[in-house]
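Protein chains: 2
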Amino acid sequence: MVRLVSVCASLTDDELALLEQLAMPTHFASGDTLFTQGSEAHCVYNVTAGVVRLYKLLSDGRRQVVGFALPGDFLGLAMRDAYGFSADAIGDVAVCAFSRAAYTALVDAKPHLLKRLHEFATHELTLAHEQMMLLGRRTAEEKLICFLLGMQQRWARLGKPSVTVQLPMTRQDIADFLGLTIETVSRTFTRLAKDKTILIVPGGVRVMNPERMHAVAA
Amino acid sequence: MVRLVSVCASLTDDELALLEQLAMPTHFASGDTLFTQGSEAHCVYNVTAGVVRLYKLLSDGRRQVVGFALPGDFLGLAMRDAYGFSADAIGDVAVCAFSRAAYTALVDAKPHLLKRLHEFATHELTLAHEQMMLLGRRTAEEKLICFLLGMQQRWARLGKPSVTVQLPMTRQDIADFLGLTIETVSRTFTRLAKDKTILIVPGGVRVMNPERMHAVAA
DNA sequence: TTGCCGCATTGATCTGGATCAAATCCGAAG
DNA sequence: CTTCGGATTTGATCCAGATCAATGCGGCAA
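As you go down the protein sequences, you meet chains Y and W in turn.
Take the first sequence: its letter number 65 is residue 65 in UniProt numbering, and every next letter is one higher.
Take the second sequence: its letter number 41 is residue 41 in UniProt numbering, and every next letter is one higher.
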């Protein structure tokens, strides 16, 4: 099993061994659904490879992407009876799944682990607050630049630092994450490329003018 | 000390006694600042009376209110070195403050409490996801209706169920929470009042047509 | 009672991003 | 290689909500 990036860094070897016993390695193909908003929450997941789209739907079909989970990220922490959002695979995805019972037992037995999960949850909350600022108060161009810098930073923390930001999700996913339409996202990309702020490459974007981008994200 | 509403429900009496020793009861007058975004995080707070405005600022002055803390709510959980947002009192506020050291020690010693705090954090995260949906994908009228129903529900859980929703915050606060301007908030209130969906009363709003409001919030 | 002063409301106009409508691109299947 | 279908880009127009600009309305101090 790949060592879990975010949660298990502080565990002892025997705790890690216990965790391995409880983890069910699973993989999903592009577009597969991990779980659906409102369905009974059976499992918690730790992403080990690939990217997962997390989103909420309104009854009339409007969609808000609440996040993209990268390797190391945990899904389903805010578990009650039912999942609060849907999750599906963007490209092939590998996860470690933990049954709710296994998760609960583990958390009760290992305060270390609970503390780590709590830190993870509060970090997620901080990111959610930043996303609220972005959704409520930023312009389309600012939204897109913040998104690109955020993705670059997240890939960098996972050991993939690069001026080329991989964007495996569709333009529609990005639009639904930023509270924009696909047309506005496309036009804004085009404008940033004309500016020489970015260069659009297959599967992503190359950052050409990080100074300007950081100034805008301010 | 008022029994802490949200965090201590599951504590034993001796744990509660320990908590009381560590809590520093403090109060703030209207407009006072509890803490500022970016300043060193010294304390965690549990609100015992009044309402606290939580917000982030952009360098050019744009503001996003990320939440309103009511009695029972915890502030500063997502504590790193520095607070991630500012907090100030709307009307008079009473809190129990815990120093960072006291908080950390308590959490390490009492897994019960940590579990409770973690549940609180994941609930906050769920609310944050709902707020993202609202900010990114809802119209001005939907935003306002969801806000009113949300406040009504929160007051109800605190034992103050009423068709009259208390709104101690200003129109500007509401606008900055919903990602709108003060003018749009004011006009939308007026329109809902003309509809007989609500009745505007001093310090709040009376819900006149809950069916329609719940249908819109869907 | 009067005069502020900070909210809040209302009106007129503007505009960023949405919507409607074609192209164009591009990878996978045949 | 060609064809097809979804993703993306681009263009024209529209409109919800922003912006600009008064005006109204208490509460409170002198």
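We put the CB at the ideal spot given by N, CA and C, even for glycine.
Of the candidates W/S186, W/V52, W/N209, the residue whose Cα lies closest to the Cα of W/G91 is W/V52. If the five residues before and after Y/E40 are omitted, its C-beta is found closer than 7 Å to the C-beta atoms of D81, A82, all from its own chain and listed in chain order. Residues of chain W whose Cβ lies closer than 7 Å to the Cβ of Y/T126 are, in chain order, A78, G84. Leaving aside the five residues that flank W/T164 on each side, the residues in its chain whose CB is nearer than 6 Å to its CB run, in chain order, G204, R206.
Bridge pairing for W/G76: absent [DSSP]. Chain order gives the chain Y residues near W/H118 as L114, L117, H118, A121, where near means a beta carbon separation below 8 Å. Neighbours of W/Q131 in chain Y, taken as residues at a C-beta separation under 7 Å, are given in chain order as M132.
Within chain Y, the residues placing a beta-carbon under 7 Å from that of W/K56 are H129, M133, ordered along the chain. Annotation: the continuous alpha helix (DSSP H) that includes W/K194 extends over 182–194. Going by DSSP, W/P25 is part of the beta strand (DSSP E) stretching over 24–28. Note that the C-beta distance between W/A121 and W/L77 is below 8 Å.
Within a 10 Å sphere around the beta-carbon of Y/D32 sit fewer than 16 other beta-carbons, which makes this residue exposed. With a threshold of 8 Å between beta carbons, W/S59 makes contact with chain Y. Out of Y/P25, Y/L149, Y/M132, the CA that lies nearest to the CA of Y/V47 is found in Y/P25. For W/Q64, the chain Y residues whose Cβ falls inside 7 Å of its Cβ are M132, M133, G136, R137, in order along the chain. At a cut-off of 8 Å, the C-beta of W/G179 has a neighbouring C-beta in chain Y. Residue pairing by DSSP leaves Y/A109 without any beta bridge partner.
In the DSSP annotation of this structure, the continuous segment of the alpha helix (DSSP H) that includes Y/D176 starts and ends at 171–178.
Y/P161 sits exposed, since fewer than 16 C-beta atoms from the chains shown fall within 10 Å of its C-beta. Annotated as proximal: Y/G72 and Y/L158, with beta-carbon spacing under 8 Å. Chain-order list of chain Y residues neighbouring W/A69: empty, with the shortest C-beta distance near 13 Å, by a criterion of under 8 Å.
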